[in-house]
Amino acid sequence: MTQDQMLQLMEVSQFIYQEARLQDEHRYDEWERLWTDDAIYWVPANGDDLDPEACMSIIYDNRSRLGLRVKQFYTGKRHTQMPQSRLCRVVSNIEVLGQEDEDLRVRANAIVFESHTRGEVLWACTNTYHLRRLDGQWRMARKKVVLANNHSALYTMSFLV
Amino acid sequence: MDTTTTTDSKWDRLIRPEYVHGSLYTDEAIFREELEKIWYRTWVYVGHVSEIPNPNDYVLKTIGLEEVIMTRDREGQINLLHNRCPHRGNRVCVKREGNARSFTCAYHGWNFGNDGALKGYPYPSGYPDDKRKELGLGKVARMSIYKGFVFGSLAADGPTLEEHLGPARAALDNVCANSPEGEIELNTGFLQHKVKANWKLLVENETDGYHPQVTHASIFEVAQSGIGPLYNEAADSVTRYFGNGHSELDLRPEFRKFNEPMRWFGTSASRLPDYVSKMNARYGEQKAHEIMVDGVRHVMIFPNLFIAEIQLFVLQPLSVSETVQHVTALQFKGAPDLNRRMRQQTMGSVGPAGFLLADDAEMYERTQAGVAQRNPEWLYLGRGSHRERVEDDGCVIGNVTDDMPSRHLWKHYKSLMEAA
Chain X
14 MTQDQMLQLM
24 EVSQFIYQEA
34 RLQDEHRYDE
44 WERLWTDDAI
54 YWVPANGDDL
64 DPEACMSIIY
74 DNRSRLGLRV
84 KQFYTGKRHT
94 QMPQSRLCRV
104 VSNIEVLGQE
114 DEDLRVRANA
124 IVFESHTRGE
134 VLWACTNTYH
144 LRRLDGQWRM
154 ARKKVVLANN
164 HSALYTMSFL
174 V
Chain L
12 MDTTTTTDSK
22 WDRLIRPEYV
32 HGSLYTDEAI
42 FREELEKIWY
52 RTWVYVGHVS
62 EIPNPNDYVL
72 KTIGLEEVIM
82 TRDREGQINL
92 LHNRCPHRGN
102 RVCVKREGNA
112 RSFTCAYHGW
122 NFGNDGALKG
132 YPYPSGYPDD
142 KRKELGLGKV
152 ARMSIYKGFV
162 FGSLAADGPT
172 LEEHLGPARA
182 ALDNVCANSP
192 EGEIELNTGF
202 LQHKVKANWK
212 LLVENETDGY
222 HPQVTHASIF
232 EVAQSGIGPL
242 YNEAADSVTR
252 YFGNGHSELD
262 LRPEFRKFNE
272 PMRWFGTSAS
282 RLPDYVSKMN
292 ARYGEQKAHE
302 IMVDGVRHVM
312 IFPNLFIAEI
322 QLFVLQPLSV
332 SETVQHVTAL
342 QFKGAPDLNR
352 RMRQQTMGSV
362 GPAGFLLADD
372 AEMYERTQAG
382 VAQRNPEWLY
392 LGRGSHRERV
402 EDDGCVIGNV
412 TDDMPSRHLW
422 KHYKSLMEAA
């Protein structure tokens, strides 16, 4: 690994840890600012790669729907997050997969512990990010979250995964 | 077992005209009895023929806790088979869906056609006679298909499916009429949302028009949805009880006031030109206009099929306190522009992360936790009892915000549970 690559990996890792922290702390507006205008936030169902334009996904948000998701939290009436889930996630296995047009493709695994009034749930997922450098800042153009158990029946997952 | 039907039955003590006892949602023995008397006796929705469009397609489904394989055999016939080898009881199919002419038990190699017939087994000389004639996969005792909706009953005798559906058939007819080819398709896969709640809380919620303005205030507020005000005591929307546990929320009186095609779907005819022209071509402009103003209904077919305008839900009980909601977007044959919007809106609103259903799920779970508490023991379902009325066809009508469907559902439930 060259020094430039190491530097890039460190930068990217810091960005991903920051995203994880904002999510754990329910800092929705700061989290929303991490996204580009053409962003896609995708949580597939029933496998890793079923075409989201043809098949059901758990989440398949464009930028405007992602904004709606955030706004819903701020109404104070999103009952399933009242009280908010207590969250703690560990992100690991971060790998830079390569450049794709203007975006850097990055992969990571995450284990998310959720404590909710329903009980405690452990979520495990593989995340693929498309990161873009804009005005000297990293931004997410795409985040795909493949839950390890997305083929089975899931409890409500109303936090930002 | 107590099989008396006297006025002093256990059910009389648990179900009163405007009250139900909390233990109906929490008692393990009652859940076991429901499996026998409701899930394994009445007609239960299993799946739709479009889920297995090609010869030899199959998909795993459930009836209560029973796993069944819904297959389309080589001749195109639909079969409902129990997923259990007659030899040692192993599950013969473990893949959720696929295409297979036969199923082979992985334990001892018994092989079954996708119509359930036993075709062969290893070392046949070890059997004194040919078991292929007498053994095979169990078949669901009765199967009936209405407009592509496949229902099964584990009871050999009972009312026909058409008798069971009664006037609720019109609601299924209506769903299909919204397709320019008169058929729906379910071909986008299901989301599976698990909740810690008794299945009946979900059934009751499906046609509860009292909760949306409260439970869903967050999304109505930010999405500027026009749907919220329709669930209002002052609206002309009604709730209707069809009999046999089936009910609907009927929003058509409100949509008819505006008389605008596709308003029910929060859009306009001009945004769906392809769909509108196909509807006009099939039904003629007048009839097409009426269908597109009315839209798809919001109907619960007891005990497990719910159609909510753009989505189809299937309820699957797992235990007295756990239920899965399987949900998918309705797709209308020949309407790609409408279908795309159906998929998008379905993904936004339902499933584990949905704008709407995540909050419904929260209410089911809080209620489940609440009914396990002791005081008050009873749930009050009296809202609107002074203003319900009976229509000419025998259906009962109430204000859209009334508990009327629940009250009648419980009467029906009681009659099923009292039966021997």
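Chains as they are written, first to last, in our numbering: chain X, 14 to 174; chain L, 12 to 431. Don't be surprised by glycine CBs; every beta carbon is placed ideally from N, CA and C.
Item                                                                                                                                                               : Value
Would M69 of chain X count as contacting chain L if we go by Cβ distances under 8 Å?                                                                               : yes
For a cutoff of 8 Å on Cβ pairs, would you count S196 of chain L as touching chain X?                                                                              : What sits at residue 196 of chain L in the sequence shown is Glu, not Ser. No - not a single Cβ of chain X is within 8 Å of the one on E196 of chain L.
According to DSSP, is W151 of chain X helix, strand or coil?                                                                                                       : strand
In three-state terms, what does DSSP make of W421 of chain L?                                                                                                      : helix
Taking all protein chains shown into account, decide if Y87 of chain X is buried (16 or more other Cβ within 10 angstroms of its Cβ) or exposed.                   : exposed
Would you give the residue range spanned by the beta strand (DSSP E) that S26 of chain X belongs to?                                                               : Counting along the chain, S26 of chain X falls outside any beta strand (DSSP E), though it belongs to the alpha helix (DSSP H) covering 16 to 37.
Measuring only the C-alpha atoms, how far is R352 of chain L from A340 of chain L?                                                                                 : 9 Å
Relative to the C-alpha of I74 of chain L, which candidate in L:Y30, L:N67, L:R153, L:V287 has its C-alpha closest?                                                : L:R153
Over the uninterrupted beta strand (DSSP E) stretch that includes D19 of chain L, give me the two end residues.                                                    : Element bounds for D19 of chain L: n/a, residue is neither H nor E.
Out of L:P191, L:Q297, L:K211, L:T199, which one is the CA nearest neighbour of V31 of chain L?                                                                    : L:K211
Put K157 of chain X into one of helix, strand or coil per three-state DSSP.                                                                                        : strand
Below 8 Å on the Cβ atoms is my contact criterion, and I expect N216 of chain L with Y375 of chain L to pass it. Report the Cβ-Cβ distance as a whole number of Å. : 7 Å
In chain X, which residues lie less than 7 Å from S229 of chain L when you measure between Cβ atoms?                                                               : Q85, T88, K90, R91
Check the Cβ of K207 of chain L against every Cβ in chain X and list those closer than 7 Å, keeping chain order.                                                   : R131
With DSSP collapsed to three states, give me the class of M353 of chain L.                                                                                         : helix
Counting only runs that start and end within the stretch 81 to 163 of chain L, where is the beta strand (DSSP E) found for 3 or more residues in a row?            : 89 to 93, 108 to 110, 113 to 115, 122 to 124, 129 to 131, 153 to 157
For A121 of chain X and I29 of chain X, which I take to be in contact (beta-carbon distance under 8 Å), what is that distance rounded to the nearest angstrom?     : 6 Å
Taking DSSP as the reference, what is the three-state secondary structure of Q336 of chain L?                                                                      : strand
I need the straight-line Cα distance from A182 of chain L to T226 of chain L, nearest angstrom please.                                                             : 26 Å
For a minimum of 4 consecutive residues, which ranges assigned as the alpha helix (DSSP H) are wholly contained in the stretch 210 to 292 of chain L?              : 210 to 217, 223 to 226, 228 to 234, 263 to 269
In three-state DSSP terms, what is K84 of chain X?                                                                                                                 : helix
Within a Cβ cutoff of 8 Å, which residues of the same chain sit near P65 of chain X, ignoring the five residues on either side of it in sequence?                  : W55, P57, Y73
For I321 of chain L, which of helix, strand or coil comes out of DSSP?                                                                                             : coil
Rounded to the nearest angstrom, what separates L135 of chain X and P96 of chain X at their Cα positions?                                                          : 18 Å
Whole angstroms is fine: what's the gap from W151 of chain X's alpha carbon to V25 of chain X's?                                                                   : 8 Å
Among X:R131, X:D62, X:N140, whose alpha-carbon lies nearest the alpha-carbon of I124 of chain X?                                                                  : X:N140
Can you name the start and end residues of the beta strand (DSSP E) that G409 of chain L belongs to?                                                               : 407 to 410
Give me the Cα-Cα distance between E115 of chain X and R145 of chain X, rounded to the nearest whole angstrom.                                                     : 7 Å
Which two residues bound the contiguous alpha helix (DSSP H) that contains T378 of chain L?                                                                        : 368 to 382
Do the stretch 307 to 325 of chain L and the stretch 185 to 204 of chain L make contact, defined as three or more Cβ pairs closer than 8 Å?                        : yes
I'd like to know if R102 of chain X contacts chain L, where contact means its C-beta is closer than 8 Å to some C-beta of that chain.                              : no
By Cβ distance below 6 Å, which residues in the same chain neighbour M12 of chain L in space, the five residues on each side in sequence not counted?              : Bear in mind that the predicted position of M12 of chain L carries a pLDDT of just 46, short of 50, making it unreliable; the figure below should be weighed with that in mind. There are no such residues.
Give me the Cα-Cα distance between T334 of chain L and T412 of chain L, rounded to the nearest whole angstrom.                                                     : 25 Å
Is V56 of chain X close to chain B? Criterion is C-beta to C-beta, closer than 8 Å.                                                                                : No chain B is present in this structure, whose protein chains are X and L.
Indicate the three-state DSSP secondary structure (helix, strand or coil) for G193 of chain L in the structure shown.                                              : coil
At 7 Å on the CB atoms, spell out the chain L contacts of N59 of chain X, in chain order.                                                                          : G200
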